[in-house]
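Data block below; observations after.
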Amino acid sequence: MAYLGKGRREDLFVLATELNLKFDKSMTIATLKDLIIGSEDYDEELTKNIHSTIVEDRKAREEYLRIEEQKEKLRIEEREEKLRFEQLRLDEQKRKDEFE
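Numbering (my numbering), first residue to last: 3 to 102.
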């Protein structure tokens, strides 16, 4: 049952949904654990496997989003660098034109 302590509260909400249990969003982690463990059809091994999959899926989504945010940040930095370079080029061209 210690496996239910791993992960997040929202993981327990997903688990309760997967197990077709009635709950409300105000429930605490302890209450959700009691609900899951006290259910009529509670099977520790099955519940543990489902919970593990839920946590792994959430972590994979979070990692994917983190990587996408990093990619977007790099794209923005590259565009800003190109703009700075273009501004320097234009400034240099302007100075050359002024000396001619």
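Every residue gets a Cβ at the ideal spot worked out from N, C-alpha and C, and that includes glycine.
Can you tell me where the alpha helix (DSSP H) holding residue i begins and where it ends?
i     : result
ALA4  : Looking at the DSSP string, ALA4 is not in any alpha helix (DSSP H), and its letter there is neither H nor E.
ARG11 : 11-20
Please state if the CB of residue j and the CB of residue i are separated by a distance shorter than 9 Å.
i     : j     : result
HIS53 : LEU6  : yes
SER41 : LEU67 : no
ILE38 : THR49 : yes
GLY9  : ILE69 : no
ARG60 : LEU34 : no
Is the closest heavy atom of the ligand COA to the C-beta of residue i under 8 Å?
i     : result
ARG91 : Judged by which ligands are present, the structure shown has none, so any question about the ligand COA falls away.
* Taking only runs that begin and end inside the stretch 27-80, name each unbroken alpha helix (DSSP H) of 4 or more residues, in chain order. => For the stretch 27-80, whole alpha helix (DSSP H) runs of length 4 or above, ordered along the chain, are 31-39.
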